[in-house]
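One structure is given below, encoded as structure tokens.
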Amino acid sequence: MNATTPTGAYVGRFAPSPTGPLHAGSLVAALASYLDARAHHGTWLIRIEDIDEGRSVAGAAEEILDLLRRLGMESDRDVVWQSRRKHLYQAAYDRLAGHVYPCGCNRREIADSRLGFAPDGAALYPGTCRHGLAPGRSPRSLRLRVPEAGADVITFHDRLAGVVSQHLASESGDFVLKRADGYWAYQLAVVVDDAEQGVTDVVRGADLLDSTPRQIFLQRLLNVPTPRYLHVPVVRNADGDKLSKQTGALAVRPGDEGAAVAALRQAAGFLGLEVGGAGSLDEFWRAAVPAWAALNL
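Sequential numbering from 13 applies to the sequence shown in this note's numbering.
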């Protein structure tokens, strides 16, 4: 089954994980996705990616939504919460019968027997349980079987990075759809949500570029459209690490309109946008949308 390119009106989205307050790196991704939607006269959605409920911080999602609102970015439709959509992920999983198998391996066993590392740093699963669980082993997770080498190449065009190819067998390996803790995996949830919400364009950080081939493979198995992709550079700290809660990223907390504009101008500058001396939110948005459109991405 081949996925198709989306047609019709532009639909984009920003999908933060509520593991803490919005930080500068996340603001860059939010701004890029919002500007791309507005430059295409499209619809912009917010989706709270709280499928990993164990990592979600109480109140963080509401704080993120409030901050985006104060910055002038509101969802054009009702906000969607992944934790409330588990029935959709189960239904998609049910359609993948024959491509999924139970895995009894724990993290240490995978680390000890890995074939190497994927581009995103994850350990490559060696396929230990691919042909059935060993006697006495109980299933821990559910994995999706990728094609054998030679039939495993996924190629797509990124609007910034250009042509990207990945060999799933050697660069990804069979990947998890349902985790040992019972939560559905990000790869499945994001594919289901993008398809169900009619997303035509995904604009997000380049740290997720290497996940895209796995998502396209899932889209093809589920026979849903493949969005257009644009992966923008990620903000890094002085040590070169991607900004995150773990690397000490500071939360974005503009207390007034001046602070809000300053935060937006900093994010726009990282994206290479010239927004002049915008002093108000209205002035910023009037300058930022055409500046993004002029990039011709």
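Using N, Cα and C, we set each Cβ at its ideal position, and we do this for glycine too.
| query | result |
| --- | --- |
| CB of ALA290 within 7 Å of CB of ALA299, strictly | yes |
| Test item: CB-CB of ARG191 and SER153 under 7 Å | yes |
| Contact set for ARG25: own chain, Cβ-Cβ below 6 Å, skip 5 residues either direction | LEU57, ARG59 and VAL211 |
| GLY270 (DSSP reduced to helix, strand or coil) | helix |
| Contact set for PRO151: own chain, Cβ-Cβ below 7 Å, skip 5 residues either direction | PRO114, CYS115, GLY116 and LEU145 |
| Cutoff 6 Å; reference LEU221; Cβ partners in own chain excluding five residues on either side | HIS243 |
| Contact belief for PRO239 with ASP213 at Cβ below 8 Å, rounded distance in angstroms | 6 Å |
| Test item: CB-CB of SER45 and VAL247 under 7 Å | no |
| Per-residue burial, VAL175 [other beta carbons within 10 Å of its own, 16 or more giving buried] | exposed |
| Other residues of its chain near GLN227: CB distance less than 7 Å, five sequence neighbours each side excluded | GLN199, VAL202 and VAL203 |
| Rounded separation between ALA103 and LEU234 - CA only | 11 Å |
| Sequence-distant residues of its chain with Cβ nearer than 6 Å to VAL236 (five each side left out) | ALA207 |
| Rounded separation between ALA274 and LEU47 - CA only | 17 Å |
| Beta-ladder partner(s) of ARG25, from DSSP | LEU57 |
| CA nearest to the CA of GLU286, picked from ASP294, ASP205, PRO302 and ARG232 | PRO302 |
| Straight-line gap, PRO33 to ARG265 (C-alpha atoms, nearest Å) | 9 Å |
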